[in-house]
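Residues -16 to 123 (my numbering) are what the sequence shown spells out, left to right. Beta carbons: idealized from backbone N, C-alpha and C, even for Gly. Notes follow once the structure below has been shown.
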Amino acid sequence: MIKKVDHIGIAVASLEKALPFYTEVLKLSLLGIEVVESEGVKVAFLQAGETKLELLEPTNEESPIAKFIEKRGEGIHHVALGVDSIQERIDEIKEKGIRMIQDQPKTGAGGALVAFMHPKSTGGVLYELCEKKGMEEQHG
Ligand code: ZN
């Protein structure tokens, strides 16, 4: 059901400050930077071998990432699992009694379809299901 860990999401206060560590120290290639207005985030994707890192900077105080950093500081925010047929996966997961934050996928960075599981149902980890489509394969 899960194809791979598509990416790991990391909350940062400032992309500008965070990026040099990834690009200059770890020498990861920057795939792109994109604002996802609906989520109140600016994201940078970095290729890390077969998976990716997604740095998330809040663009306003109401952003879930702003709230996360306020409560817990910068750091690992979510683990994204690559799937096909995301709606079917959501329905299967719900049938097993796991709470989803989204019952239907929404459009995230790179045009991917995404839905999050509630961390109260998953032992404290915020898991994202993520389905990449055709043209957006450069992110997945
Ligand atoms: Zn993500």
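Q: With DSSP collapsed to three states, give me the class of residue 34.
A: strand
Q.
Quick check on the contact list: which residues have their beta carbon closer than 6 Å to a heavy atom of the ligand ZN?
A. Environment of the ligand ZN, chain-ordered: -10, -8, 37, 61, 63, 111, taking every residue with Cβ within less than 6 Å of a heavy atom.
Q. With a CB to CB cut of under 8 Å and the five nearest residues on each side skipped, what residues in its chain are close to residue 105?
A. 81
Q. If residue 24 sits next to residue 39, beta carbons under 8 Å apart, how far is it from one beta carbon to the other, in whole angstroms?
A. 5 Å
Q) Between the C-alpha atoms of residue 30 and residue 10, what's the straight-line distance to the nearest angstrom? A) Residue 30 and residue 10 have their alpha carbons spaced roughly 10 Å apart.
Q: With residue 57 as the anchor, note down where its alpha helix (DSSP H) starts and where it stops.
A: Residue 57 -> no alpha helix (DSSP H), and no H or E assigned at all.
(Q) Rounded to whole angstroms, what is the Cα-Cα separation between residue 122 and residue 58? (A) Annotation note: pLDDT 48 at residue 122 (below 50); position unreliable, coordinate value reported separately. In a straight line, the C-alpha of residue 122 is about 21 Å away from that of residue 58.
Q) Looking at the structure shown, is residue 0 part of a helix, part of a strand, or coil, going by DSSP? A) helix
Q.
I'd like to check one pair, residue 1 with residue 60: are the Cβ atoms closer than 7 Å?
A. no
Q.
Per DSSP, what are the beta-bridge partners of residue 12 in this structure?
A. Under DSSP, residue 12 takes part in a beta bridge, and its partners are 30.
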